[in-house]
Amino acid sequence: MFKIYNTMSRSLENVVPLEDNHVRLYTCGPTVYNYAHIGNYRAYMFEDLLRRWIQYKGMRVTQVQNLTDVDDKTIRGSRDAGVPLSDFTQTYKDAFFADLKVLNIEPAEHYPAATDCIPEMIALIEKLFEKGLAYKSDDGSVYFPIDKFPTYGKLAHLDREGMRAGARVDQDEYDKDNAADFALWKAYVPEDGDIVWDSPWGKGRPGWHIECSAMSEKHLGKTFDLHTGGVDNIFPHHEDEIAQSEGANDCIYSKQWMHCAHLQVEGKKMSKSDGNFFTLREILDKGYTGREIRYELIGTHYRKSLNFTFDSLNANRAALARLDDFHAKLQECAGDTENAELEIHLPEWAIETEKRFSAALDDDLNIAGALGALFDGVHEGNKCFPMSGKTAASVSNLWKKLNTVLGFLEPPKEEIPTELIELAEARVAAKANKDWAEADRLRAAVAAVGWTIQDTPTGPKLKKNCVNQSLKA
Ligand code: AMP
Ligand code: ZN
3 MFKIYNTMSR SLENVVPLED NHVRLYTCGP TVYNYAHIGN YRAYMFEDLL
53 RRWIQYKGMR VTQVQNLTDV DDKTIRGSRD AGVPLSDFTQ TYKDAFFADL
103 KVLNIEPAEH YPAATDCIPE MIALIEKLFE KGLAYKSDDG SVYFPIDKFP
153 TYGKLAHLDR EGMRAGARVD QDEYDKDNAA DFALWKAYVP EDGDIVWDSP
203 WGKGRPGWHI ECSAMSEKHL GKTFDLHTGG VDNIFPHHED EIAQSEGAND
253 CIYSKQWMHC AHLQVEGKKM SKSDGNFFTL REILDKGYTG REIRYELIGT
303 HYRKSLNFTF DSLNANRAAL ARLDDFHAKL QECAGDTENA ELEIHLPEWA
353 IETEKRFSAA LDDDLNIAGA LGALFDGVHE GNKCFPMSGK TAASVSNLWK
403 KLNTVLGFLE PPKEEIPTEL IELAEARVAA KANKDWAEAD RLRAAVAAVG
453 WTIQDTPTGP KLKKNCVNQS LKA
């Protein structure tokens, strides 16, 4: 059974989807007013591990990740840049999807943009009016009266005594001390420029929190299985989502909640407002790969804070090289072994690796335990080389299976440079002409740049040499 720590109950619980074998998952997405920083990607990486683990358990996932493309920050950003809001946010939407590819984060099933769902948000606010859970203020904005919703504060464990009835908060982001009636709809102000929609309460735009309530309901229904985000989302964002959705629909919003701890730099949360952030691009520009960054972001348990350092990124290189070295040796032994009935050839140490790996991830995504099992497996496996073709092929198969969860076990496919293909073709011609000296010279030229020509029954194949063949097991 897969157990997770539910923020709502503050305890470990089994994941049992409402619909058989189908987990409906809502993950708060980026506010597209800047390049996402790697703190944001820590959250998306934890969600990627979560979805991959659910799939590994044989369940289907429908994941929704919203794009907040209208809120206080996007409007301010487009105004400062002097660019229309949709052009401004498009740049960062494109960058976000490119970053997901670099980090090998599996795409969600739906990426709704807030600006495409305004009618759904208006309909939800109308429902709240019918229930007495919305009121219009003098300036034309619409607020949610938190004192009318008796369970307000249940996720963040707020002290209801301290709440100031009738006080209002306009900003999208605020802290627990300022818990107050929050904005569902913000009346038009001149600074909003042409960012404005009609509504039954006059011109304006939605508040941030109503966006996720409307977009989740559109794609996942009124009640779904899991809702995730970073711990900073617990209050006010998720608390307000619960108030809106449960207030309007009279049913549980999300069955379970998971929140990841922050990625920190020198003991402080990495955030745009504090200016202590690195975007993914900045780290790639320093010569690190998406795979190395993936390894860094995934490797610490999601509820522990992760202190980002370049030393740790550097250390990942050795760990990945060790994995690649093992994988390369497996492939060498497996050769062209047929794929049939591989499970029966899985050696005891590999069965044990898989068992420990699974037990760890079933335990609230204990990634440290899972990676520990993996490296112990590599240590054991390294003692068994050379393996028979069948054994190597079956372990290689397991490797592939584990990689559906980890996403960094197989090195990205190396593109063969055209010059090398030409050299290999020239060597075929030299051999046909029985010019052995030239054939040897061409093979040496290929070897000089770190590649090997392997002659196979179907012709020569080019293989890049394993970088760390010298690393000891
Ligand atoms: P935002 O674009 O600020 O709305 O954040 C998008 C997601 O990234 C949310 O789920 C946040 O909780 C998460 N997030 C923001 N900063 C960090 C951080 N330093 N570490 C982990 N997650 C973060
Ligand atoms: Zn959200």
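For the sequence shown, the positions run 3 to 475 when the numbering used here is used.
C-beta atoms are modelled at their ideal positions from N, C-alpha and C, and glycine is treated no differently.
It should be emphasised that the depicted structure is a prediction, and the values quoted were computed from it without experimental measurement.
Item checked: the segment 170-181 in contact with the segment 227-244 per 3-pair CB rule at 8 angstroms -> yes
- Runs of alpha helix (DSSP H) wholly within the segment 378-426 (minimum 4 residues, chain order): Runs of the alpha helix (DSSP H) spanning 4 or more residues and lying entirely within the segment 378-426 occur at 391-408, in chain order.
8 angstroms contact criterion, which G489 and G337 should meet: CB distance rounded:
In the structure as shown, the chain starts at 3 and stops at 475, and residue 489 therefore has no counterpart that could be examined.
Under 6 angstroms: does the beta carbon of T33 sit that close to some heavy atom of the ligand AMP?
As a working note, residue 33 is residue 31 in the sequence shown. Yes - the ligand AMP has a heavy atom lying nearer than 6 angstroms to the Cβ of T33.
Report task. Let me know the secondary structure DSSP gives Y145 once reduced to three states. Result -> Along the sequence shown, read from residue 1 onward, the residue named residue 145 stands at position 143. Reduced to three states, the DSSP call for Y145 is strand.
- Message: Which residues end up in the neighbourhood of the ligand ZN when you take C-beta atoms closer than 5 angstroms to any of its heavy atoms?
- Response: C30 and C214
Can you tell me whether K270 sits near the ligand AMP, meaning its C-beta is under 6 angstroms from at least one heavy atom of the ligand? The count along the sequence shown starts at 1 and reaches residue 270 at position 268. Result no, Cβ not under 6 angstroms from the ligand AMP.
If you compare alpha carbons, which of R445, K402, A216 and C214 is closest to L422? Counting from 1 along the sequence shown, the entry for residue 422 is found at position 420. Nearest C-alpha to L422: R445.
**Request:** Any chance you could list the beta strand (DSSP E) runs of at least 3 consecutive residues sitting entirely within the segment 134-220, in chain order?
**Result:** 144-146, 183-189 and 206-208
Tell me, please, which residues DSSP counts as bridged to G337.
-> Here residue 337 refers to the residue found at position 335 when the sequence shown is read from its first residue. Listed as beta-bridge partners of G337 by DSSP are no residues whatsoever.
Practice problem: On a CA-only basis, which of L228, T70, L52 and N368 is nearest Y35? Give me that one, please. | Solution: As a working note, residue 35 is residue 33 in the sequence shown. Y35 has its Cα closest to that of T70, out of L228, T70, L52 and N368.
Subject >> Of the residues D326, A426, S80 and S139, the one placed nearest P414, counting alpha carbons only >> reply: For the purposes of this step, residue 414 is identified with residue 412 of the sequence shown, where counting begins at 1. Closest by alpha carbon: D326.
**Prompt:** What is the rounded straight-line gap between the Cα of A182 and the Cα of F226?
**Reply:** Here residue 182 corresponds to residue number 180 of the sequence shown, with the count starting at 1. Here residue 226 corresponds to residue number 224 of the sequence shown, with the count starting at 1. About 27 angstroms.
Report whether the distance from the Cβ of R44 to the nearest heavy atom of the ligand AMP is below 6 angstroms. Start at 1 with the first residue of the sequence shown, and residue 44 comes out as number 42. Yes, Cβ of R44 sits closer than 6 angstroms to a heavy atom of the ligand AMP.
Answer yes or no: the CB of N235 versus the heavy atoms of the ligand AMP, is any distance below 6 angstroms? Position 233 of the sequence shown, counted from the start, is the residue given in the question as residue 235. Checking the Cβ of N235 against the ligand AMP gives yes.
Practice problem: Confirm the yes/no value for this check: CB of L24, any heavy atom of the ligand AMP, distance under 6 angstroms. | Solution: Within the sequence shown, residue 24 is the residue found at index 22, counting from 1. Note on residue identity: the sequence assigns His, not Leu, to residue 24. Result no, Cβ not under 6 angstroms from the ligand AMP.
- Task: Within the same chain, show all residues whose beta-carbon is closer than 6 angstroms to that of E241, passing over the 5 residues directly before and after it, in chain order.
- Result: Sequence index remark: in the sequence shown, residue 241 carries index 239 (1-based). Correct list, in chain order: L157 and A158.
Self-check item: For A439 and F99, the rounded distance between their alpha carbons
Solution: Taking the first residue of the sequence shown as 1, we reach residue 99 at position 97. Taking the first residue of the sequence shown as 1, we reach residue 439 at position 437. The straight-line gap from Cα to Cα measures roughly 50 angstroms.
Please classify A65 as buried or exposed, where buried requires at least 16 other C-beta atoms within 10 Å of its C-beta. Taking the sequence shown and counting its residues from 1, one reaches residue 65 at position 63. One detail in the question is off: residue 65 reads as Gln in this sequence, not Ala. By the neighbour-count rule (16 or more Cβ atoms within 10 Å), Q65 is buried.
- Task: Might you give, ordered along the chain, the residues of its own chain that have their beta carbon closer than 6 angstroms to the beta carbon of A45, omitting 5 neighbours on each side?
- Result: Taking the first residue of the sequence shown as 1, we reach residue 45 at position 43. So the list reads G232 and C262, once near-sequence residues are dropped.
Proximity winner among D200, S314 and A136, relative to T117 (alpha-carbon distances): Locating residue 117 in the sequence shown gives position 115, where the first residue counts as 1. Among D200, S314 and A136, the Cα nearest to that of T117 is on D200.
Next on the checklist: Is it the case that the segment 46-54 contacts the segment 306-318, given that we only count it when at least three CB pairs across the two stretches are under 8 angstroms?
Outcome noted: no
ask   = Among L228, K205 and K288, which residue has its Cα nearest to the Cα of S143?
value = Taking the first residue of the sequence shown as position 1, residue 143 is located at position 141. Per the Cα distances, K205.
**Message:** Only counting the same chain, and skipping five residues up and downstream in sequence, which positions put a Cβ closer than 7 angstroms to that of I212?
**Reply:** Counting from one through the sequence shown, the residue named residue 212 turns up at place 210. The answer, listed in chain order, is M123, L126, I127, L186 and Q246.
Hey, would you say the C-beta of L265 is under 6 angstroms away from at least one heavy atom of the ligand AMP?
-> Position 263 of the sequence shown holds residue 265. True, at least one ligand heavy atom lies under 6 angstroms from that Cβ.
Margin query: What does the alpha-carbon distance come out to for the pair Q57 and G134?
Written below: Residue numbering aside, residue 57 sits at position 55 when the sequence shown is read from its first letter. Residue numbering aside, residue 134 sits at position 132 when the sequence shown is read from its first letter. For Q57 and G134, the distance between alpha carbons rounds to 41 angstroms.
- request: Compute the distance between the beta-carbons of V63 and L27, then report whether it is under 7 angstroms.
  value: Counting from one through the sequence shown, the residue named residue 63 turns up at place 61. Counting from one through the sequence shown, the residue named residue 27 turns up at place 25. Result yes, Cβ atoms of V63 and L27 sit closer than 7 angstroms.
Compare the Cα-Cα distances from N405 to each of R296, A426 and L265 and report the closest residue.
Along the sequence shown, one-based indexing puts residue 405 at 403. Minimum Cα distance to N405 is reached at R296.
What does DSSP give as the partner residues of K463 in its beta bridges? Taking the first residue of the sequence shown as position 1, residue 463 is located at position 461. According to DSSP, which records beta bridges pairwise, K463 is partnered with Q456.
For this session: Could you work out which residue in L464, K331, A394 and A450 is closest to W351 when comparing CA atoms only?
Result: What you label residue 351 is simply residue 349 of the sequence shown in a count that begins at 1. Checking every option, the nearest Cα to that of W351 belongs to A394.
Exercise. Helix or strand or just coil, what does DSSP make of R12?
Worked result: As a position in the sequence shown, residue 12 is number 10, starting the count at 1. Here R12 sits in coil by DSSP.
### Query
If you drop the 5 nearest sequence neighbours on each side, which residues of the same chain put their C-beta closer than 6 angstroms to that of G1?
Because the chain here runs from 3 to 475, residue 1 falls outside it and cannot be looked at.
Between A375 and T93, what straight-line distance do the alpha-carbon atoms span, to the nearest angstrom? Mapped onto the sequence shown, residue 375 falls at position 373. Mapped onto the sequence shown, residue 93 falls at position 91. Rounded to whole angstroms, A375 to T93 spans 41 angstroms at the Cα level.
Query - Where D22 falls, given that 16 or more other Cβ within 10 Å makes a residue buried - result: Residue mapping note: residue 22 aligns to position 20 of the sequence shown, counting from 1. By the 10 Å Cβ count, D22 comes out exposed.
Residue span of the beta strand (DSSP E) that contains D252, given as start and end
Translated into positions along the sequence shown, residue 252 becomes position 250. Counting along the chain, D252 falls outside any beta strand (DSSP E), and DSSP gives it neither H nor E.
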